[in-house]
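Going by our numbering, the sequence shown opens with residue 2, and the numbers climb by one from there.
Note that beta-carbon positions come from the ideal geometry of N, C-alpha and C, so glycine has one too.
A quick note: this is a predicted structure, and the numbers were derived from the prediction, not measured.
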Amino acid sequence: MTLDEIWGLKFLGKSYHDECIRWAEDQLCAGIDAPSVRNLARLGVAGRPDRSKIEHFFVHALQELGESRPDRDSGLRRYALFLCHQIIDRRRDPEQAANQLADINRYECDNASIYSLWHRVVEDIHLLYRGDYAYENSDLTLKNKNSFIEKLARHFILLLNNNVPGDFLSLSVCKSCQKLVRTQYRPLSGENPLQELLIKVGLKQPKYATVCASCGSRDVTHLYSNEQRENALALLGK
Ligand SMILES: [Zn+2]
Numbered sequence: 002m003t004l005d006e007i008w009g010l011k012f013l014g015k016s017y018h019d020e021c022i023r024w025a026e027d028q029l030c031a032g033i034d035a036p037s038v039r040n041l042a043r044l045g046v047a048g049r050p051d052r053s054k055i056e057h058f059f060v061h062a063l064q065e066l067g068e069s070r071p072d073r074d075s076g077l078r079r080y081a082l083f084l085c086h087q088i089i090d091r092r093r094d095p096e097q098a099a100n101q102l103a104d105i106n107r108y109e110c111d112n113a114s115i116y117s118l119w120h121r122v123v124e125d126i127h128l129l130y131r132g133d134y135a136y137e138n139s140d141l142t143l144k145n146k147n148s149f150i151e152k153l154a155r156h157f158i159l160l161l162n163n164n165v166p167g168d169f170l171s172l173s174v175c176k177s178c179q180k181l182v183r184t185q186y187r188p189l190s191g192e193n194p195l196q197e198l199l200i201k202v203g204l205k206q207p208k209y210a211t212v213c214a215s216c217g218s219r220d221v222t223h224l225y226s227n228e229q230r231e232n233a234l235a236l237l238g239k
């Protein structure tokens, strides 16, 4: 049991007290000893220990070992990294871990957050179990779901380690600007002066398209796939 997992559970409002005891037991097994670590491990032998006692000894154990509580964002980020590595190392059922990663998005309630990638996979797996097609991940099937999740875990570690901006998924790559840009869905100007005039006087409806908000180019690529997102990582900061 690692602190990363405990902080993740705590920040997501889940039960983490049994995990604190297992963490203390693991510390002792690894030869890391401190009075509160021993007290915490001892509670595990005592049957159904009081949660306030666990909390008390856990806080003191952290102090004795010089550990500090991370802020919420970095705590969840470390929890996500931990889960992704568990998937890759085949130490946790991929679908179960994907659900746990999707919980971070449920907690954040943010559709543009990178954690929403996991939410979309979990939703698609539910659709597949019902006999429907995957909606967001068209190449996901019940047969390939484990390798699909493993690929996403490797990709997700890259995203986390590159500290992508909070709105990363809503950005696009503009070929003209050669950078990550916001896009707009807006009316296009007429193809010639006559068309332009007809649009202006209301005799013709303009065409609409998604364009780069900086230069107006229509040559923009959305970040829908692992490959598109990994190509975009090289343009971060430009
Ligand atoms: Zn542009």
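Roughly how many angstroms lie between the CA atoms of residue i and residue j, to the nearest whole one?
{"i": "Asn270", "j": "Ala62", "result": "Within the shown structure, residues of the chain are numbered from 2 to 239, placing residue 270 beyond reach of any answer."}
{"i": "Thr5", "j": "Val221", "result": "In the sequence on display, residue 5 carries Asp and not Thr. C-alpha separation (whole angstroms): 38 Å."}
{"i": "Ala235", "j": "Glu26", "result": "43 Å"}
{"i": "Cys216", "j": "Gly167", "result": "23 Å"}
{"i": "Gln28", "j": "Arg78", "result": "23 Å"}
{"i": "Trp8", "j": "Leu84", "result": "13 Å"}
{"i": "Ser190", "j": "Ala103", "result": "42 Å"}
{"i": "Asn162", "j": "His223", "result": "21 Å"}
{"i": "Arg39", "j": "Phe59", "result": "10 Å"}
{"i": "Ser1", "j": "Leu129", "result": "The question about residue 1 has no answer here: the residues shown for the chain are numbered 2 through 239."}
{"i": "Thr3", "j": "Asp90", "result": "15 Å"}
{"i": "Ser69", "j": "Lys180", "result": "38 Å"}
{"i": "Arg73", "j": "Gln101", "result": "16 Å"}
{"i": "Val182", "j": "Asn227", "result": "18 Å"}
{"i": "Ala98", "j": "Arg121", "result": "14 Å"}
{"i": "Thr184", "j": "Leu170", "result": "12 Å"}
{"i": "Lys201", "j": "Thr211", "result": "21 Å"}
Which stretch, first to last residue, makes up the alpha helix (DSSP H) that contains residue i?
{"i": "Leu4", "result": "Leu4 to Phe12"}
{"i": "Cys30", "result": "His18 to Cys30"}
{"i": "Val38", "result": "Pro36 to Val46"}
{"i": "Ser1", "result": "No answer is possible for residue 1: it lies beyond the span of the chain, which begins at 2 and ends at 239."}
{"i": "Gln179", "result": "Gln179 -> no alpha helix (DSSP H), and no H or E assigned at all."}
{"i": "Pro194", "result": "Pro194 to Lys201"}
{"i": "Ala235", "result": "No alpha helix (DSSP H) holds Ala235; DSSP gives it neither H nor E."}
{"i": "Lys205", "result": "Lys205 -> no alpha helix (DSSP H), and no H or E assigned at all."}
{"i": "Phe149", "result": "Lys146 to Asn162"}
Name the two residues that bound the continuous beta strand (DSSP E) containing residue i.
{"i": "Gln185", "result": "Thr184 to Pro188"}
{"i": "Ala210", "result": "Tyr209 to Cys213"}
{"i": "Ile221", "result": "Inspection of the sequence shows that residue 221 is occupied by Val rather than by Ile. Element bounds for Val221: Val221 to His223."}
What are the complete alpha helix (DSSP H) segments, minimum 4 residues, inside the region 59-141?
With a minimum length of 4 residues, the continuous alpha helix (DSSP H) runs that stay inside the region 59-141 are 73-89, 95-109 and 117-130.
Are the region 129-136 and the region 30-48 in contact at 8 Å, needing three or more beta carbon pairs?
No, the region 129-136 does not touch the region 30-48.
Could you say if the region 91-109 and the region 173-184 meet the contact criterion of at least three C-beta pairs nearer than 8 Å?
When C-beta atoms of the region 91-109 are compared with those of the region 173-184, fewer than three pairs fall below 8 Å, so the two segments do not count as touching.
The region 18-25 contacting the region 53-69, beta-carbon criterion three pairs below 8 Å
Contact between the region 18-25 and the region 53-69 is present, because at least three Cβ pairs lie under 8 Å.
Any residues whose CB sits closer than 6 Å to a heavy atom of ligand 1? List them in chain order?
The set, ordered by position in the chain, is Cys175, Ser177, Cys178, Val182, Cys213, Ser215, Cys216 and Ser218.
Counting pairs of Cβ atoms below 8 Å between the region 150-168 and the region 193-209, do you hit three or more?
No: the two stretches stay apart, fewer than three of their Cβ pairs being nearer than 8 Å.
Between the region 28-37 and the region 119-133, do three or more beta carbon pairs fall short of 8 Å?
With the cut-off at 8 Å, the region 28-37 and the region 119-133 do not touch.
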